[in-house]
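Numbering (numbering that gives the first Met the number 0) for the sequence shown: 0 to 386. From the three backbone atoms N, C-alpha and C, an ideal C-beta is built for every residue, glycine too.
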Amino acid sequence: MYSRMGMGRLLLLANEISGAGSWQAGPVLLEDDRIIAVGAQALGADSDRVLELEGSLLPGLIDLQVNGAGGRGVEECTTDALDTVARTVWSGGAVAFLPTLISASLEDLLGQTAALADWIEAWDGVGARPLGIHLEGPFLEVPGAHPVDHLQDPETEDVQALIDAARGHLKLLTLAPARGGAIEATAQLRAAGVCVSIGHARDDARLSDCVEAGAQMVTHLFNAMSPLHHREPGISGRCMADPALSCSLIVDGIHVHPTMVQNAFRCLGQDRMVLVTDCMAAAGMPDGVYSLGSSQVTLADGEVRDSNGTLAGSAILMTDAVHRFLEYVPETDGTHVAQLASTNPARLLGLADMGRIAPDTAPGFSLLTEDGHVQAIALEESSASSL
């Protein structure tokens, strides 16, 4: 469903377009899977098809943390399960995502990582596009809902084994700076082109060293880390204060209080905040029992918790995160959504071809509707029609 246009010229007409930090009126012209003109130039050009859109056109939204969706978990690593996850992510308004694995034994993670690489390489356009792999562990300090028995220090050989198993598809890895070898692992991962994110951490003593070694991001700010306090900022406060770090947040009204979402945005600004879902198998599903890694978790009244009562991911999709963000931070609009859920994720992954609407970039679009939700745009299905 992602950017499989085929030949010909397609003209997109939306109420507004965003992707460069501001709104503008006008169309977008595409040809052979590339954007070739935006604005007045596009309006005056010939096209084979026209797609009229009711809403604001955004660069395709990217979810950097997807553990599962549609009743299936990423850890299953079968084509059927992963295709279901990709379709569900698409149905929630994101055009691309990072399938995410939580902590497990190194043997299991190596097998899962290799299987994900196989699926990514064979992906045939079903649902949202997998951009690579996010390993959320096992090099963590605070377990959260992760199996504590599988948390470990990042030995050089183990890190390299994971890099090798991913065959170039490892794009993001979350680790805790206090883990032995974390600073060396950060440098090793950055040398391999992997974005390193700080998360599941309590001890902030080596945070600056980790940033100096190349860490660029923070995984689900405030969650599974030492809390923010006015006399002790903890790792949350220190991460917010470091201009080198972009911080992801789970905006579901459960993981982070709406007031703290406001505070985080006003501190970080639109250049350093990233919207993620951290969704798992329960996303898009009714209340019930679902799998997260090797554990059973329960979705009830919008909350996903393990047997200990610990939050275990979310049940939201990107459209839910966007809707709540716009509600919680009233001074924001679609330009901020584009930045937080497309431009910033693309930048962190080093994807110059995504995250913006500009000539000579790849097409992939989400539509922000008047009621504050988003939907992914299936370009290959368009033919002189409207949405």
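Query raised in the report: Can the beta-carbon of serine 290 be found less than 8 Å from the beta-carbon of alanine 280?
Result: The residue you call residue 290 lines up with position 291 of the sequence shown. The residue you call residue 280 lines up with position 281 of the sequence shown. Against a cut-off of 8 Å, the Cβ pair of alanine 280 and serine 290 comes out as a contact.
Query raised in the report: Per the contact definition of three or more C-beta pairs closer than 8 Å, is the segment 177-184 in contact with the segment 354-361?
Result: no
Query - N-terminal and C-terminal residue of the beta strand (DSSP E) that glutamine 159 is part of - result: Start at 1 with the first residue of the sequence shown, and residue 159 comes out as number 160. Glutamine 159 -> not in any beta strand (DSSP E); alpha helix (DSSP H) instead, spanning 155-165.
Query raised in the report: On the premise that serine 235 lies in contact with phenylalanine 221, defined as a C-beta separation below 8 Å, what is that separation, rounded to the nearest angstrom?
Result: Position 222 of the sequence shown holds residue 221. Position 236 of the sequence shown holds residue 235. Phenylalanine 221 to serine 235, Cβ: 5 Å. Contact.
Requested in this report: May I ask you to verify whether the segment 309-322 touches the segment 107-116, counting CB pairs closer than 8 Å and requiring at least 3?
Outcome: no
Requested in this report: With a cut-off of 8 Å on the beta carbons, I'd call methionine 272 and cysteine 246 a contact; round off their distance for me.
Outcome: By one-based count along the sequence shown, residue 272 stands at place 273. By one-based count along the sequence shown, residue 246 stands at place 247. At roughly 6 Å, the Cβ-Cβ gap stays under 8 Å, so methionine 272 and cysteine 246 are in contact.
Query - According to DSSP, residues forming a beta bridge with glycine 67 - result: Along the sequence shown, read from residue 1 onward, the residue named residue 67 stands at position 68. Per DSSP, Gly72.
Query - histidine 229, buried or exposed, once every other Cβ within 10 Å from all chains shown has been counted against 16 - result: Walking along the sequence shown from the start, residue 229 turns up at place 230. A residue is called buried when at least 16 other Cβ atoms come within 10 angstroms of its Cβ; histidine 229 does not meet this threshold and is exposed.
Query - Exposure of serine 306, with buried meaning 16 or more beta-carbon neighbours within 10 Å - result: Here residue 306 refers to the residue found at position 307 when the sequence shown is read from its first residue. Counting Cβ neighbours within 10 Å, serine 306 comes out exposed, since fewer than 16 surround it.
Query raised in the report: Pairing CB atoms from the segment 7-18 with CB atoms from the segment 39-53, are three or more of them under 8 Å?
Result: yes
Report task. Report buried or exposed for cysteine 266, applying the criterion of at least 16 other Cβ atoms within 10 angstroms of its Cβ. Result -> Residue mapping note: residue 266 aligns to position 267 of the sequence shown, counting from 1. Exposed is the call here.
Query raised in the report: Which value, in whole angstroms, describes the spacing of the CA atoms of alanine 177 and threonine 276?
Result: Position 178 of the sequence shown, counting from 1, holds the residue named residue 177. Position 277 of the sequence shown, counting from 1, holds the residue named residue 276. Near 26 Å, if we compare the C-alpha coordinates of threonine 276 and alanine 177.
Query raised in the report: Are the C-beta atoms of leucine 10 and some chain B residue less than 8 Å apart?
Result: Absent from the structure is chain B; it holds one protein chain and no more.
Query raised in the report: Would you call glutamine 295 buried or exposed, if buried means 16 or more other Cβ atoms sit within 10 Å of its Cβ?
Result: Stepping through the sequence shown from its first residue, residue 295 is reached at position 296. Exposed.
Requested in this report: Let me know the secondary structure DSSP gives serine 17 once reduced to three states.
Outcome: Here the question's residue 17 lines up with position 18 in the sequence shown. Coil.
Query raised in the report: Between leucine 316 and glycine 283, is the Cβ-Cβ spacing less than 8 Å?
Result: If you number the sequence shown from 1, residue 316 lands on position 317. If you number the sequence shown from 1, residue 283 lands on position 284. Closer than 8 Å, so yes.
**Report entry** Neighbourhood of aspartate 352 by C-beta, 6 Å cutoff - its chain only, sequence neighbours within 5 removed
**Finding:** The residue you call residue 352 lines up with position 353 of the sequence shown. For aspartate 352, where only same-chain residues beyond five positions count, the Cβ hits under 6 Å are Thr360, Ala361.
Query raised in the report: Expressed to the nearest angstrom, what Euclidean distance is found between the alpha-carbon atoms of leucine 56 and leucine 366?
Result: Indexing the sequence shown from 1 puts residue 56 at position 57. Indexing the sequence shown from 1 puts residue 366 at position 367. Rounded to whole angstroms, leucine 56 to leucine 366 spans 5 Å at the Cα level.
Query raised in the report: Quick one: is arginine 3 buried, meaning 16 or more other Cβ sit within 10 Å of its Cβ, or exposed?
Result: By one-based count along the sequence shown, residue 3 stands at place 4. Residue placement at arginine 3 is poorly supported in this model, since its pLDDT is 48, which falls under 50; the coordinates are not used for a value here.
Query raised in the report: Based on the DSSP secondary-structure assignment, which residues constitute the bridge partners of leucine 134?
Result: Looking up residue 134 in the sequence shown gives position 135. Bridge partners of leucine 134: Leu100, Leu172.
Query raised in the report: Just how far apart, CA to CA, sit leucine 171 and leucine 97?
Result: Within the sequence shown, residue 171 is the residue found at index 172, counting from 1. Within the sequence shown, residue 97 is the residue found at index 98, counting from 1. Each residue's alpha carbon lies about 8 Å from the other.
Query - Runs of alpha helix (DSSP H) lying entirely within the segment 20-50, each at least 4 residues, in chain order - result: 39-42
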